[in-house]
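All residue numbers for the sequence shown refer to our numbering, where the first residue is 72 and numbers rise by one.
For glycine and all other residues, C-beta sits at the position ideal for the given N, C-alpha and C.
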Amino acid sequence: MVKRTSFEHDDCPVARALDAIGDWWSILIIREALFGVSRFSEFQKKLGLAKNILTVRLRALVDQGILQTAPAADGSAYQEYLLTPKGRGVFPILVALRQWSEEFDERPEEIATILVDKEKGRLVRKLELHSQDGRLLGMDDTALKPRPAGKQGRRAIA
72 MVKRTSFEHD
82 DCPVARALDA
92 IGDWWSILII
102 REALFGVSRF
112 SEFQKKLGLA
122 KNILTVRLRA
132 LVDQGILQTA
142 PAADGSAYQE
152 YLLTPKGRGV
162 FPILVALRQW
172 SEEFDERPEE
182 IATILVDKEK
192 GRLVRKLELH
202 SQDGRLLGMD
212 DTALKPRPAG
222 KQGRRAIA
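Now the structure itself:
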């Protein structure tokens with residue numbers, strides 16, 4: 072078995088995020104958890120994932136603090152996998168991925184669902200990036216700069 076490269080201590084926050092949730096099975100497990108799936112058998116049924124792979128991914132998501140285990144709500148001997156605040160924080164990432172796919176997919180008519188505001192039933196507006204003062208920002212309006220002294224992690228930004 073090939074060991075996956077870890078980006079846990081990388082100085083790039085994108086690499087660190089991918090280390091936690093970057094494989095497609097983990098993203099899809101989180102998606103299902105956001106839809107209310109909580110049991111191993113439900114994840115397996117929804118995703119068609121082999122038990123050994125699902126076991127490894129669920130354990131990793133628990134280790135990352137994205138999911139937590141709890142006794143089943145119905146009092147049975149099973150355990151449930153519940154999203155933590157860190158796990159619920161993945162929601163805007165999934166919305167961004169969804170909206171990117173809806174915009175650039177070659178066959179958008181094959182996408183089975185739309186994302187709507189539950190209260191109003193209207194489509195959710197495309198996510199936008201705004202400055203501290205509210206201005207809409209694009210890629211050319213942003214830059215990376217070193218973190219101020221005293222606030223850096225273990226490694227300096229190269």
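In its own chain, which residues sit with a C-beta less than 7 Å from the C-beta of residue i, not counting the 5 before and 5 after it?
{"i": "serine 77", "result": "Asp90"}
{"i": "tyrosine 149", "result": "Arg110 and Ala143"}
{"i": "lysine 157", "result": "Gly136 and Ile137"}
{"i": "valine 108", "result": "Phe114 and Lys117"}
{"i": "phenylalanine 162", "result": "Leu105"}
{"i": "glutamate 173", "result": "Pro179 and Ile182"}
{"i": "isoleucine 185", "result": "Leu194"}
Would you kindly work out how many angstroms separate the C-alpha atoms of residue i and residue j, rounded to a whole number?
{"i": "threonine 140", "j": "aspartate 211", "result": "42 Å"}
{"i": "glutamate 177", "j": "tryptophan 171", "result": "12 Å"}
{"i": "glutamate 151", "j": "aspartate 204", "result": "42 Å"}
{"i": "threonine 213", "j": "proline 84", "result": "16 Å"}
{"i": "glycine 119", "j": "arginine 206", "result": "44 Å"}
{"i": "phenylalanine 175", "j": "isoleucine 182", "result": "12 Å"}
{"i": "isoleucine 92", "j": "lysine 191", "result": "31 Å"}
{"i": "arginine 196", "j": "glutamate 180", "result": "19 Å"}
{"i": "tryptophan 96", "j": "leucine 125", "result": "8 Å"}
{"i": "leucine 132", "j": "alanine 88", "result": "12 Å"}
{"i": "alanine 86", "j": "lysine 122", "result": "27 Å"}
{"i": "serine 202", "j": "alanine 220", "result": "23 Å"}
{"i": "leucine 154", "j": "aspartate 134", "result": "12 Å"}
Keeping to the same chain, check which residues put their C-beta closer than 8 Å to that of residue i; ignore five residues upstream and five downstream.
{"i": "leucine 165", "result": "Ile98, Ile101, Arg102 and Leu105"}
{"i": "leucine 48", "result": "Because the chain spans 72 through 229 in this model, residue 48 falls outside it and cannot be assessed."}
{"i": "leucine 168", "result": "Ile98"}
{"i": "glycine 146", "result": "none"}
{"i": "arginine 159", "result": "Leu105"}
{"i": "aspartate 94", "result": "Arg128"}
Looking only at its chain, what residues have a beta carbon closer than 6 Å to the beta carbon of residue i, apart from the 5 residues adjacent to it on each side?
{"i": "glutamate 79", "result": "Asp90"}
Taking the continuous beta strand (DSSP E) assigned at residue i, which residues delimit it?
{"i": "threonine 46", "result": "Nothing about residue 46 can be read from this structure; the chain reaches only from 72 to 229."}
Under a CB-based cut-off of 7 Å, is residue i close to chain D?
{"i": "arginine 128", "result": "Checking the listed chains, one finds no chain D in this structure; it contains a single protein chain."}
Do the CB positions of residue i and residue j come within less than 7 Å of each other?
{"i": "leucine 63", "j": "leucine 215", "result": "The displayed coordinates of the chain run from 72 to 229. Any statement about residue 63 would go beyond what the structure contains."}
{"i": "valine 187", "j": "leucine 198", "result": "no"}
How would you write the range of the alpha helix (DSSP H) that residue i sits in, first residue to last?
{"i": "glutamine 115", "result": "111-118"}
{"i": "aspartate 90", "result": "84-92"}
{"i": "aspartate 134", "result": "122-134"}
{"i": "serine 97", "result": "95-105"}
- Message: Ignoring anything shorter than 3 residues, give me the beta strand (DSSP E) runs that lie fully in the stretch 137-223, in order along the chain.
- Response: Look at the stretch 137-223 and you find these whole runs of beta strand (DSSP E), each 3 residues long or longer: 138-142 and 150-154.
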